[in-house]
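50 is the number that the working numbering gives to position 19 of the sequence shown; each next residue is one higher, with no gaps.
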Amino acid sequence: MVMKQSFSELELTQQECTEMTWIEPALYFAGYPNKTSYHELLNSRSSSPVQFDKVKAKSDYVQRTLPAKALQGIWKRFYQVELGPPLMQIFPHDGEISRISDSSIPYPHRSGIIFKIQYYAVWSGEGKEVEKRQLDWIKGLYKFMTPYVSNNPRGAYPNSRDLDLGKNDPTGSTAYEQARVWGEQYFKHNFERLARVKAAIDPSNFFRNE
């Protein structure tokens, strides 16, 4: 009923939709058959039916409804992929998320954000040619989406680090101005506050990542 009233353009039928509990999507995206018990996730000897050992992810935040030409461009690019099914997830925002101030806690992508997008390229096997094809595909999709997503800065989801945006010096001596280039994509204006707290609590930079 909700889809029919609010998204009638999609022309979805009830048979094309599956209502799930909170935990069931974890089984679904891992490739388990429908109605598999969530207890399967607790079985340490169990392995996911989906066997893709390489994943590259990128993210975006959308502030305006995507026009038809954007959706058509996405669809076209999804037919270009080989060796692994592409995946694009859309996570609704607004509502309770937007009621919290952008500066209250580190996560800043709130007011004015309609939804977040996660793009994935997944593949199996070795070989530079295979890897390059998959990486070129997701980078091409990301570039194509530039006019349709947030900007100044272009937002990025903090829990899905994208090393294409930038990475720390391996020696651990990355300057603030260098890190700010990508740090503000993840945390916007909160990045400076987070950097100050980090410097005060961990002046030797013991806790660090890429």
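Glycine included, C-beta positions come from ideal geometry on N, C-alpha and C. Quantities reported herein were computed from a predicted structural model and do not represent experimental measurements.
Query raised in the report: Which residues mark the beginning and the end of the alpha helix (DSSP H) in which Y110 is found?
Result: Element bounds for Y110: n/a, residue is neither H nor E.
Requested in this report: List the endpoints of the continuous alpha helix (DSSP H) containing M34.
Outcome: 33-37
Report task. Note down, one range per segment and in chain order, each alpha helix (DSSP H) of at least 4 residues found wholly within the region 144-208. Result -> 159-175
Report task. Determine the closest residue to N196 out of S90, D84, V33, with distance taken between C-alpha atoms. Result -> The amino acid at residue 196 is misidentified as Asn; the sequence shows Leu. It is S90.
Query raised in the report: L172: buried (16+ other C-beta within 10 angstroms of its C-beta) or exposed?
Result: buried
Query raised in the report: Which whole-angstrom value is the C-beta distance of W154 and Q111, which I expect to be below 8 Å?
Result: Not quite, the Cβ-Cβ distance comes to about 13 Å (not below 8 Å), so this is no contact.
Query raised in the report: How long is the line joining the alpha carbons of S134 and K35, rounded to whole angstroms?
Result: 36 Å
Report task. Tell me whether I128 sits in a helix, a strand or coil according to DSSP, three-state version. Result -> helix
Query raised in the report: With 16 as the cutoff for other CB atoms within 10 Å, does Y207 come out buried or exposed?
Result: exposed
Report task. Hey, could you find the ends of the beta strand (DSSP E) A88 is sitting in? Result -> 85-93
Report task. Tell me whether R95 is buried or exposed, calling it buried when 16 or more other Cβ atoms sit within 10 Å of its Cβ. Result -> exposed
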